[in-house]
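Residue numbers (this note's numbering): 329 to 569.
Glycine is no exception: its CB is placed at the ideal position from the N, C-alpha and C atoms.
Nothing here was measured: the structure is a model prediction, and the numbers come from that model.
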Ligand SMILES: [Zn+2]
């Protein structure tokens, strides 16, 4: 028996494909037009282009790129993709300056020693500046899949966003939450700027209605996800952590 061909894409719901980029998962929101959510580490551009081929679409179909936050495993493939794809790129207004700047991306490590140890590697990996066409804000909407709404969910970074598709019962949280060993958790302390704000964002996300919850680094929760998020949010202390 021939082994199954390696696939970069997985259809999570009709019109929603998860893409294995380097270091994280990106998403293709597929309608007449395509919206790409996140771009993986540097070197992921080619994977996104191959993923489009896998689903029978072409680079010209991507009309929007939305970045959930400026960490390199989400924004690293953006400059290379912008050479092949004529899409408008949206980044939350709090972090657009990091993406547009010629300066290297800010070091994501919270612990000063870890930050220092990883600095040379990060500088070598730095993707360089990318174009930002739209500065996103809480409540902004795009038409994909019957309406996608930007939900500002700060904490992991100041401009982290989640993306809600109320008409499809879907929430993409980016790195605003982790899902390990079947449990929801706050984002990693190693890379999260403000844990109290991250907890407040989970409480905010818990007010939304959705069935399916997708993460950037973990397998999705396909059904009944909002009840799980509400349960988790109820366990979080209010106030500084
Ligand atoms: Zn992150």
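Spatial neighbours of residue 348 in its chain, beta-carbon cut-off 6 Å, leaving aside the 5 residues before and after: 336
Three or more C-beta pairs below 8 Å linking the stretch 484 to 500 and the stretch 405 to 422: yes
Around ligand 1, Cβ to any heavy atom closer than 6 Å, ordered along the chain: 397, 399, 484, 503 and 519
Beta carbon of residue 401 nearer than 9 Å to that of residue 352: yes
Burial state of residue 464, where buried means 16 or more other Cβ atoms lie within 10 Å: buried
Inter-residue Cα distance where the pair is residue 390 and residue 544: 20 Å
Straight-line gap, residue 388 to residue 566 (C-alpha atoms, nearest Å): 46 Å
Endpoints, the alpha helix (DSSP H) within which residue 533 is located: 523 to 533
Whole-angstrom distance between residue 330 and residue 432, CA atom to CA atom: 45 Å
Residue 476 - partner residues in DSSP beta bridges: 470
Residue 354 - DSSP class collapsed to helix/strand/coil: strand
For residue 493: DSSP bridge partner residues: 498
Nearest residue (CA-CA) to residue 394, options 441, 550, 553 and 461: 461
Distance between residue 518 and residue 361 (C-alpha atoms, nearest Å): 37 Å
Spatial neighbours of residue 550 in its chain, beta-carbon cut-off 7 Å, leaving aside the 5 residues before and after: 540
Status (buried if at least 16 other CB within 10 Å, exposed otherwise) for residue 370: buried
CB contact flag (residue 498, residue 380, <9 Å): no
Secondary structure of residue 395, DSSP reduced to three states: strand
Those residues which DSSP pairs with residue 339 across a bridge: 345
For residue 560, the first and last residue of its enclosing alpha helix (DSSP H): 553 to 562
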